[in-house]
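Take a look at the structure below.
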Amino acid sequence: MDVFKIQGGVPLKGEVTVSGSKNAVLPLMCAALMGDSPSIIRNVPRLRDVFSMIEILNSLGAEAEFIEDSVLRIDPYSVNKYEAPYEQVKKMRASICVLGPLFGKFGEARVSMPGGCVIGPRPVDIHLKGLKALGAEITIEHGYIVAKGKPVGGEIFLGGRFGSSVTATANILMAAVLAKGRTIIESAAMEPELGDLAQFLNRMGAKITGLHSHVLQIEGVSRLHGIEYSVIADRIEAGTFMLSAAITQGDVFVRNAQVRHLRALMDKLILSGIQVNEEKDGIRVVSELRPKSAEIITFSFPGFPTDLQAQMMALMSVADGISVITEKIYPERFMHISELNRMGAEISLEGSTAVIKGVSTLSGAPVMASDLRASAGLVLGALVAKGESLIYRVYHIDRGYEQIEKKLSDLGAVIIREKEEEPSV
Ligand code: EPU
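Residue numbers (the numbering used here): 151 to 575.
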């Protein structure tokens, strides 16, 4: 298994280019299934999750492949199966994004129920409620969600216990564009990845208004066509590099980082005494002093993203003072705490609130990555820690960060990927 070996303590300096967004491209790939001609998607990151989605699309009968380095071609012409099996869904929850397009276009979808996951329970009730409102008859059979029927427009409230749902909004939006009549989605998620999806669908011939708001209106159309499209930059990857500059007291220009996607993070960094400057085509982060502590509450967009919570916690673990981070989206997403504490952090958990007593520095240690963003938090911890850290199970990080070790090395970090036996637990 691959391990990262990191020698911490080097301030990162230079420029890094952010790749296309994982959470934007996955639903776009599913949307391409609804066209009656091929789509070309550009700026696609070569990530494990993207390859998993290519496998799913091909298993449905589509032809999906990289035709150039970051260019994906998806031909939906020969789709002849409407099922995403357990083996695929268990690898990647975003597989559920085929549910809306398959139901919308073919009136039939069978998708394995995703199970629990290391970041906490992740139910699918909002997806099902939305599809029912569009005329789907839903049954759960042998661990599979089965949706059947003739899609018709409807008025749908998509709010849930933890606010809006990103992939449920994506699914219902995709099903609604080919449904007969008008659909109104209230309490739609507003994450930038959904704005990208709505634009992609409109370019395919859909009629969606209210983009980037909580209320989406959709006039159903009878057909969609393939298009060429370039995916937005990954705001979570951008935020992770911004935090890597902050934690190492470096100076990094993050090319393609979009201010309008990252205001919540920028605000907290500035309050912590870090310089954050909008420049042409990106954001520069410069840090010369130990950061000040902060109070963070994760929330849906435009709030502070849960996908940057672990990385922010790594920064706060070396801040001057006591920080408080409350997780409102996934109240159990704290697997990184015990590993950061093994590096010398002083973090305790009260319910879904972490209290972080800043220490002056961390010390390198072997640690275990538990999920994608937790691993990014551990990498940041290792970058500032004195001495060597070993990060096991980096396959988690490969799901969502393209060539992270190369990008960090180019900024001066001492990081190598090696194959190594995992310690037994
Ligand atoms: N929820 C429900 N019922 C549902 C769906 C969601 O109660 O039917 C709850 C969830 O349990 C959670 C909250 O609603 O408490 C928000 O979950 P959401 O559905 O928005 O999450 P998601 O769509 O499954 C996407 C991203 C996640 C990101 C979240 C929140 C993709 C492919 N995944 O997940 O990304 O954390 O939105 O922003 O877009 C990651 O990239 O590491 C990642 C986990």
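Just so it is clear, CB atoms sit at the ideal spot from N, CA and C, and this is done for glycine as well.
Fair warning: this is a prediction, and the values are worked out from it, not measured in the lab.
Nearest-angstrom Cα separation, counted from residue j out to residue i
{"i": "residue 297", "j": "residue 331", "result": "19 Å"}
{"i": "residue 341", "j": "residue 362", "result": "8 Å"}
{"i": "residue 521", "j": "residue 268", "result": "7 Å"}
{"i": "residue 558", "j": "residue 273", "result": "35 Å"}
{"i": "residue 230", "j": "residue 200", "result": "21 Å"}
{"i": "residue 482", "j": "residue 503", "result": "10 Å"}
{"i": "residue 490", "j": "residue 249", "result": "37 Å"}
{"i": "residue 311", "j": "residue 572", "result": "38 Å"}
{"i": "residue 501", "j": "residue 546", "result": "25 Å"}
{"i": "residue 382", "j": "residue 391", "result": "17 Å"}
{"i": "residue 353", "j": "residue 367", "result": "16 Å"}
{"i": "residue 556", "j": "residue 286", "result": "46 Å"}
{"i": "residue 162", "j": "residue 560", "result": "9 Å"}
{"i": "residue 551", "j": "residue 305", "result": "37 Å"}
{"i": "residue 207", "j": "residue 467", "result": "42 Å"}
{"i": "residue 255", "j": "residue 197", "result": "27 Å"}
{"i": "residue 237", "j": "residue 378", "result": "30 Å"}
{"i": "residue 158", "j": "residue 244", "result": "34 Å"}
{"i": "residue 212", "j": "residue 326", "result": "21 Å"}
{"i": "residue 336", "j": "residue 438", "result": "45 Å"}
{"i": "residue 166", "j": "residue 386", "result": "14 Å"}
{"i": "residue 277", "j": "residue 251", "result": "12 Å"}
Cβ-based burial, residue i [other Cβ within 10 Å; buried from 16]
{"i": "residue 410", "result": "exposed"}
{"i": "residue 510", "result": "exposed"}
{"i": "residue 346", "result": "buried"}
{"i": "residue 271", "result": "exposed"}
{"i": "residue 566", "result": "exposed"}
{"i": "residue 184", "result": "buried"}
{"i": "residue 357", "result": "exposed"}
{"i": "residue 493", "result": "buried"}
{"i": "residue 300", "result": "exposed"}
{"i": "residue 372", "result": "exposed"}
{"i": "residue 359", "result": "exposed"}
{"i": "residue 289", "result": "exposed"}
{"i": "residue 416", "result": "buried"}
{"i": "residue 479", "result": "buried"}
{"i": "residue 193", "result": "buried"}
{"i": "residue 498", "result": "exposed"}
{"i": "residue 394", "result": "buried"}
{"i": "residue 446", "result": "buried"}
{"i": "residue 418", "result": "buried"}
{"i": "residue 228", "result": "exposed"}
{"i": "residue 457", "result": "buried"}
Proximity of residue i and residue j at Cβ, strictly below 8 Å
{"i": "residue 315", "j": "residue 323", "result": "no"}
{"i": "residue 396", "j": "residue 441", "result": "yes"}
{"i": "residue 303", "j": "residue 329", "result": "yes"}
{"i": "residue 513", "j": "residue 472", "result": "no"}
{"i": "residue 174", "j": "residue 224", "result": "no"}
{"i": "residue 153", "j": "residue 544", "result": "yes"}
{"i": "residue 333", "j": "residue 246", "result": "no"}
{"i": "residue 470", "j": "residue 172", "result": "no"}
{"i": "residue 210", "j": "residue 216", "result": "no"}
{"i": "residue 168", "j": "residue 388", "result": "yes"}
{"i": "residue 413", "j": "residue 432", "result": "no"}
{"i": "residue 508", "j": "residue 164", "result": "no"}
{"i": "residue 280", "j": "residue 450", "result": "no"}
{"i": "residue 485", "j": "residue 524", "result": "yes"}
{"i": "residue 402", "j": "residue 435", "result": "yes"}
{"i": "residue 202", "j": "residue 241", "result": "yes"}
{"i": "residue 364", "j": "residue 338", "result": "yes"}
{"i": "residue 189", "j": "residue 400", "result": "no"}
{"i": "residue 426", "j": "residue 156", "result": "no"}
{"i": "residue 151", "j": "residue 570", "result": "yes"}
N-terminal and C-terminal residue of the beta strand (DSSP E) that residue i is part of
{"i": "residue 216", "result": "213 to 218"}
{"i": "residue 507", "result": "503 to 507"}
{"i": "residue 559", "result": "Run containing residue 559: none in the beta strand (DSSP E); it sits in the alpha helix (DSSP H), 554 to 560."}
{"i": "residue 403", "result": "401 to 405"}
{"i": "residue 209", "result": "No beta strand (DSSP E) contains residue 209, which is instead part of the alpha helix (DSSP H) from 198 to 209."}
{"i": "residue 298", "result": "294 to 298"}
{"i": "residue 225", "result": "221 to 225"}
{"i": "residue 189", "result": "189 to 192"}
First and last residue of the uninterrupted alpha helix (DSSP H) at residue i
{"i": "residue 384", "result": "Taken as a continuous stretch (DSSP letters only), residue 384 belongs to no alpha helix (DSSP H), as it is neither H nor E."}
{"i": "residue 432", "result": "It is not in any alpha helix (DSSP H) - residue 432 instead sits in the beta strand (DSSP E) that spans 432 to 436."}
{"i": "residue 472", "result": "No alpha helix (DSSP H) contains residue 472, which is instead part of the beta strand (DSSP E) from 472 to 476."}
{"i": "residue 491", "result": "486 to 492"}
{"i": "residue 281", "result": "275 to 283"}
{"i": "residue 542", "result": "It is not in any alpha helix (DSSP H) - residue 542 instead sits in the beta strand (DSSP E) that spans 538 to 542."}
CB contact check: residue i to chain D, cutoff 8 Å
{"i": "residue 532", "result": "Among the chains in the structure shown there is no chain D, since it carries only a single protein chain."}
Check whether the region 525 to 537 and the region 460 to 475 touch, using three or more Cβ-Cβ pairs below 8 Å as the test.
yes
Report task. May I ask you to verify whether the region 253 to 263 touches the region 232 to 240, counting CB pairs closer than 8 Å and requiring at least 3? Result -> yes
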